[in-house]
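See below for the structure under consideration.
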Amino acid sequence: SPKKGDRKRTVVFTQGSKSTIVAYDGEVKEYAVDPLAKELLVDTNGAGDAFVGGFLSELVKGKSTEEAAKAGHWAARYIIQQSGCTLGKECGYKA
């Protein structure tokens, strides 16, 4: 069924260490993922969920898809350097 409401659809393709592709409002944009040294990679479990959390946290605040992707990349990068889905006591993300 057709989408209801006035918020435009956003489609996101994550590709691990490759660029993230975001389609929004008729435009497709690509956002590079900063490389991470292999020795820093601990566990990829939760990386996708972390990305979604970071991405949506900015999108719902009205930020651009670029800012949302940046937050998603930060969250995924953080979580893959941990064993399991663990977080520190404080969030170090700066928007």
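Take this note's numbering: the last position of the sequence shown gets the number 100, and nothing is skipped along the way. Think of the CB as a built atom: it goes at the ideal place given N, C-alpha and C, for glycine as much as any other residue. Computed from a predicted model, the values in this text were never measured in an experiment.
Between Asp48, Val17, Leu64, Trp79, which lies nearest to Lys34 when the distance is taken from Cα to Cα? Val17
Can you give me the C-alpha to C-alpha distance between Gly59 and Asp39, rounded to a whole angstrom? 16 Å
With which residues is Lys23 paired in a DSSP beta bridge? Gln20
Leaving out five residues on either side along the sequence, give the residues of the same chain with a beta carbon under 7 Å from the beta carbon of Gln87. Val47, Asp48
State the start and end residues of the unbroken alpha helix (DSSP H) segment that holds Tyr98. Segment: none, Tyr98 is in no alpha helix (DSSP H) and carries neither H nor E.
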